[in-house]
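A quick write-up on the structure given underneath.
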């Protein structure tokens, strides 16, 4: 599988998931909730997840990553999701030719890293995008939003009232 196929479809699914999750919000205040006092808000997690679309693709193409907005208004987050999806939809497969071998230097927290394009995309950028999307999902769910696994992954469907909590303890 080439790097285009390994990165672009999952990133498109991520942008779609943000839209699905935002559509489920009955109260925009849920976006201001946090899983822990020192963590990002759900809105910030959505913005960071969407920022990883550009943070994944631009370095793979040899381009600088533009400054990404951190506007936590639901409409602004949805607009960013649409912008990132547009970026992905316009990307020609040839733009990532040879990207797996490109050396990409970046900062992860306080760590300065240099990775091949392959490792950067598959071991750093995509996992971080999914991490922030999952934390946004967990935060709005914890805050009472009626979101489920299918809203996150776009695959799962459950009957209303289905509980994923088992009566049998996991050992």
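Numbering (the numbering used here), first residue to last: 5 to 175. Ideal Cβ positions, reconstructed from N, Cα and C, are used throughout, including at glycine. A quick note: this is a predicted structure, and the numbers were derived from the prediction, not measured.
Presumed contact (8 Å Cβ cut-off) between residue i and residue j, rounded CB distance
| i | j | result |
| --- | --- | --- |
| residue 69 | residue 78 | Wrong, their Cβ atoms sit about 24 Å apart, outside the cutoff. |
| residue 103 | residue 121 | 4 Å |
| residue 15 | residue 139 | Wrong, their Cβ atoms sit about 17 Å apart, outside the cutoff. |
| residue 149 | residue 28 | 6 Å |
| residue 95 | residue 61 | 7 Å |
| residue 59 | residue 129 | 6 Å |
Identified DSSP bridge partners for residue i
| i | result |
| --- | --- |
| residue 111 | 116 |
| residue 38 | 45 |
DSSP three-state assignment for residue i, whether helix, strand or coil
| i | result |
| --- | --- |
| residue 45 | strand |
| residue 106 | coil |
| residue 150 | coil |
| residue 76 | coil |
| residue 159 | coil |
| residue 98 | helix |
| residue 67 | coil |
| residue 14 | helix |
| residue 7 | helix |
| residue 166 | coil |
| residue 29 | coil |
7 Å CB neighbourhood of residue i in its chain, flanking five on each side removed
| i | result |
| --- | --- |
| residue 99 | 65 |
| residue 141 | 25, 151, 156 |
| residue 85 | 19, 22, 23, 54 |
| residue 105 | 120, 121 |
Residues near residue i in its chain [Cβ-Cβ closer than 6 Å; skip 5 each side]
| i | result |
| --- | --- |
| residue 97 | 8 |
| residue 124 | 108 |
| residue 175 | Bear in mind that a pLDDT of 46 at residue 175, under 50, signals an unreliable position, so the model cannot answer this. |
| residue 73 | none |
| residue 35 | 46, 47 |
| residue 153 | 160 |
| residue 165 | none |
Own chain residues within Cβ distance below 8 Å of residue i, not counting five before or after
| i | result |
| --- | --- |
| residue 38 | 44, 45, 46, 143 |
| residue 127 | 119 |
Closer than 7 Å to chain D by CB, residue i
| i | result |
| --- | --- |
| residue 126 | Reference to chain D is not applicable here, since this structure consists of a single protein chain. |
Determine contact between the stretch 49 to 60 and the stretch 130 to 145, defined as no fewer than three beta-carbon pairs at a distance below 8 Å.
yes
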